[in-house]
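Since the structure comes first, as structure tokens, the remarks are kept for the end.
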Amino acid sequence: MHKRRLVLLAVLAVVSVAAFLTLGLRGNLAFVLQIRAVKLLALVQVSVSVALSTVLFQTVTANRILTPSIMGLDALYLFGQALLVFLLGGLGYAAIGGGWKFAAEVLIMIVLAAVLLRPLLTARLDMSLLLLTGVTIGLLFRSLTQLLFRLLDPNAFAVVQTASFANFNALRADLTIIGSIVTFATAVVCWHHRHRLDVVALGREAALGLGIDWSRTATLLLLMVALLVAVSTALVGPVSFLGLLVAALAERVLGTSRHAVILPAAALVAIILLVGGQAIFQHLLGSAATLGVVIEFAGGIAFLLLLYLGSRT
Amino acid sequence: MIRIEDLNLAHGGTPVLRDINLTIDRGGIIALVGPNGAGKSSLLSLIARLRPLQTGRIFIDGLPVTTTPGRELARRMAILRQDGVFAGRLTVRELVSLGRFPHNQGRSTPQDRARVEEALVQFGVADLAERFLETLSGGQRQRALVAMTFCQGTDYLLLDEPLNNLDMFHARHLMQSLRRMADEEARTAIIVLHDINQAAAYADRIIAMRDGRIASDGTPGEVLTVDTLAAVFGYRMQVTAAAGRPLVLHHL
Numbered sequence: 000m001h002k003r004r005l006v007l008l009a010v011l012a013v014v015s016v017a018a019f020l021t022l023g024l025r026g027n028l029a030f031v032l033q034i035r036a037v038k039l040l041a042l043v044q045v046s047v048s049v050a051l052s053t054v055l056f057q058t059v060t061a062n063r064i065l066t067p068s069i070m071g072l073d074a075l076y077l078f079g080q081a082l083l084v085f086l087l088g089g090l091g092y093a094a095i096g097g098g099w100k101f102a103a104e105v106l107i108m109i110v111l112a113a114v115l116l117r118p119l120l121t122a123r124l125d126m127s128l129l130l131l132t133g134v135t136i137g138l139l140f141r142s143l144t145q146l147l148f149r150l151l152d153p154n155a156f157a158v159v160q161t162a163s164f165a166n167f168n169a170l171r172a173d174l175t176i177i178g179s180i181v182t183f184a185t186a187v188v189c190w191h192h193r194h195r196l197d198v199v200a201l202g203r204e205a206a207l208g209l210g211i212d213w214s215r216t217a218t219l220l221l222l223m224v225a226l227l228v229a230v231s232t233a234l235v236g237p238v239s240f241l242g243l244l245v246a247a248l249a250e251r252v253l254g255t256s257r258h259a260v261i262l263p264a265a266a267l268v269a270i271i272l273l274v275g276g277q278a279i280f281q282h283l284l285g286s287a288a289t290l291g292v293v294i295e296f297a298g299g300i301a302f303l304l305l306l307y308l309g310s311r312t
Numbered sequence: 000m001i002r003i004e005d006l007n008l009a010h011g012g013t014p015v016l017r018d019i020n021l022t023i024d025r026g027g028i029i030a031l032v033g034p035n036g037a038g039k040s041s042l043l044s045l046i047a048r049l050r051p052l053q054t055g056r057i058f059i060d061g062l063p064v065t066t067t068p069g070r071e072l073a074r075r076m077a078i079l080r081q082d083g084v085f086a087g088r089l090t091v092r093e094l095v096s097l098g099r100f101p102h103n104q105g106r107s108t109p110q111d112r113a114r115v116e117e118a119l120v121q122f123g124v125a126d127l128a129e130r131f132l133e134t135l136s137g138g139q140r141q142r143a144l145v146a147m148t149f150c151q152g153t154d155y156l157l158l159d160e161p162l163n164n165l166d167m168f169h170a171r172h173l174m175q176s177l178r179r180m181a182d183e184e185a186r187t188a189i190i191v192l193h194d195i196n197q198a199a200a201y202a203d204r205i206i207a208m209r210d211g212r213i214a215s216d217g218t219p220g221e222v223l224t225v226d227t228l229a230a231v232f233g234y235r236m237q238v239t240a241a242a243g244r245p246l247v248l249h250h251l
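Here the protein sequences come in this chain order: A and B.
Going by numbering that gives the first Met the number 0, the first residue of the first sequence is number 0, and it counts up by one from there.
Going by numbering that gives the first Met the number 0, the first residue of the second sequence is number 0, and it counts up by one from there.
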């Protein structure tokens, strides 16, 4: 049953990719396809990264309603953007070299995650303490960002606003490729550990009883989450809205939490939503809204529908 | 053999366990009894390395629990805790299969699957095998957890109040399964019990704890006396005998 549904998801994902690449194709084909391919790679990279980071985070915290954004990483990203615009002005911000900015953003976000992880490395893992720290740090950065917003002039504010939403239209091919390599390498590591993840999902004590070296495994998993979130946020901006939806949808559709099934399923659902959504968004809606809004709208309806159908059977 | 030497544990300055020295030989049922807060569960979680040791040493078959790799220990010792909370959707069969993880790292062989089926049947959850854990009653879930712990196939089983939520039929059945396991396979169950008569009927050895110390240690006949029980639980209760075993009328 799982295999059939996974194949179905894979077919839908391929259809989405095909639609994205071919819908409304005209003009210089090679040129258009090259641009679309880079964009597709970024979309797939972000899909995989959002899906995996959310599933991993929910597994290690043994909580189905958390997303990695609770660690405050995207709040830090937004604060960084606001601070840069504040210091350099809108034009100065636009002039910074993309490569260095990307590397610095990834590095800073991972360092923050590592600092958050320190209590976990030194003492016995206390998940609630870790989450509380994350929430507080997120709140701090959000408040600082709000403060900067008040100090910015309207033009600069508009620049920050644009940076606050995931943006797939100004991608650099080289950074997209680097980000994708990091993400797909992490995905391979996840897949390798899929059985171990099933045990981790049972919680600290049960996992220890089954021979998992908990603090090492949990630290590794949280660092992987941080890496995934950092890379995709630095590449396109905050996309955390998608994670919860994707993880819950995958679990609903497949009816299991086994990672051998749920990891690929969540990634496929994310690709369907993001790539398919982008295709619809570009060609049917004429780019008239934000992709995030489209996905949250469509995905939210799908989720409610599944809940409704699920409660009847 | 489990060896515990000079074990002390304090929680925020309050001593929880004091100067515990114990040797538990292989084979048999060992019941830990005592009032709330006596340190039974703490002792069990220290043996199962769920908490770090503060002072003292614990060895499982000569292997120190602090430095031995978790996987090595998980093949010798299984633990069932009081409160298993699971996020996500797992069927009973999937849960029980995870008991084989220390042996197969998730790649189950036909032998593993056979053992899973055996455990499902043994604890009466075979007809619930495809049900999700979240749809089960407390007692059914407890039986699934017990099946998973048995499925781990270890020489030592540490069970923290396994009779919680179980009705009389299944409580008796679990104790009989433990008894059979101890007699036929020389495996060892260390089990925290609140029902003192279950301990009286099935245990080979009863360790009574109070205030973090071992108050009494011996066969049911030796421990379950009016004076010892009064010293441990703080009130005098009648002790009679039934079917050749002590019977404590603790409720009167």
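Positions of the beta carbon are idealized from the N, C-alpha and C atoms, including for glycine.
Rounded straight-line distance, which links the Cα of residue j to that of residue i
i: LEU305 of chain A; j: LEU11 of chain A; result: 17 angstroms
i: THR108 of chain B; j: SER96 of chain B; result: 11 angstroms
i: ALA47 of chain B; j: ARG63 of chain A; result: 27 angstroms
i: GLN44 of chain A; j: MET223 of chain A; result: 15 angstroms
i: GLY133 of chain A; j: LEU162 of chain B; result: 39 angstroms
i: PHE302 of chain A; j: VAL181 of chain A; result: 30 angstroms
i: ARG179 of chain B; j: ARG203 of chain A; result: 30 angstroms
i: LEU251 of chain B; j: VAL238 of chain B; result: 11 angstroms
i: VAL115 of chain B; j: ARG92 of chain B; result: 7 angstroms
i: GLY55 of chain B; j: THR161 of chain A; result: 60 angstroms
i: VAL59 of chain A; j: ALA247 of chain A; result: 16 angstroms
i: ARG106 of chain B; j: GLY98 of chain B; result: 12 angstroms
i: GLY211 of chain B; j: LEU55 of chain A; result: 39 angstroms
Contact under 8 angstroms by Cβ, residue i with residue j
i: LEU252 of chain B; j: LEU158 of chain B; result: Nothing about residue 252 of chain B can be reported from this structure: the residues present for chain B run from 0 to 251 only.
i: SER15 of chain A; j: GLY275 of chain A; result: yes
i: ARG142 of chain B; j: VAL120 of chain B; result: no
i: LEU42 of chain A; j: VAL31 of chain A; result: no
i: ILE109 of chain A; j: LEU226 of chain A; result: yes
i: PHE236 of chain A; j: ASN166 of chain A; result: Note on identity: in this sequence residue 236 of chain A is Gly, with Phe being the wrong assignment. In this structure, ASN166 of chain A lies closer than 8 angstroms to GLY236 of chain A by Cβ.
i: VAL105 of chain A; j: VAL230 of chain A; result: yes
i: LEU150 of chain A; j: PHE101 of chain A; result: no
i: VAL191 of chain B; j: LEU31 of chain B; result: yes
Chain A within 8 angstroms of residue i, Cβ atoms only
i: PHE100 of chain B; result: yes
i: ALA30 of chain B; result: no
i: GLY69 of chain B; result: yes
i: ALA47 of chain B; result: yes
i: GLY123 of chain B; result: no
i: GLN141 of chain B; result: no
Exposed unless 16 or more other CB atoms sit within 10 angstroms - verdict on residue i
i: MET167 of chain B; result: exposed
i: ARG25 of chain B; result: exposed
i: ASP111 of chain B; result: buried
i: ARG3 of chain A; result: exposed
i: VAL114 of chain A; result: exposed
i: HIS192 of chain A; result: buried
i: TYR76 of chain A; result: buried
i: THR312 of chain A; result: For THR312 of chain A, the predicted model reports a pLDDT of 45, less than 50, meaning its position is unreliable and no value from the coordinates is stated.
i: HIS102 of chain B; result: buried
i: LEU99 of chain A; result: Correcting the residue type first, residue 99 of chain A is Trp in the shown sequence and not Leu. TRP99 of chain A comes out exposed.
i: SER142 of chain A; result: exposed
i: ARG215 of chain A; result: exposed
i: THR13 of chain B; result: exposed
i: MET70 of chain A; result: buried
i: THR90 of chain B; result: buried
i: MET0 of chain A; result: exposed
Any C-beta of chain B under 8 angstroms from that of residue i
i: LEU207 of chain A; result: yes
i: LEU201 of chain A; result: yes
i: ASP152 of chain A; result: no
i: ARG257 of chain A; result: yes
i: GLY26 of chain A; result: no
i: HIS1 of chain A; result: no
i: ILE136 of chain A; result: no
i: ARG63 of chain A; result: yes
i: GLU250 of chain A; result: yes
Under 7 angstroms from the C-beta of residue i: neighbouring residues of chain C
i: ARG80 of chain B; result: The question asks about chain C, but that chain is absent: this structure's protein chains are A and B.
Let me know the alpha helix (DSSP H) ranges lying completely inside the segment 147 to 200 of chain A, each 4 residues or longer, listed in chain order.
-> 153 to 162, 172 to 191, 193 to 199
Enumerated in chain order, which unbroken segments of the alpha helix (DSSP H) with a length of 4 residues or greater are wholly contained in the segment 38 to 113 of chain B?
-> 39 to 46, 69 to 73, 91 to 97, 100 to 103
Ordered list of alpha helix (DSSP H) runs contained in the segment 117 to 175 of chain B, each at least 4 residues = 137 to 150
Any alpha helix (DSSP H) of 4 or more consecutive residues that is wholly inside the segment 25 to 96 of chain A | 28 to 60, 72 to 94
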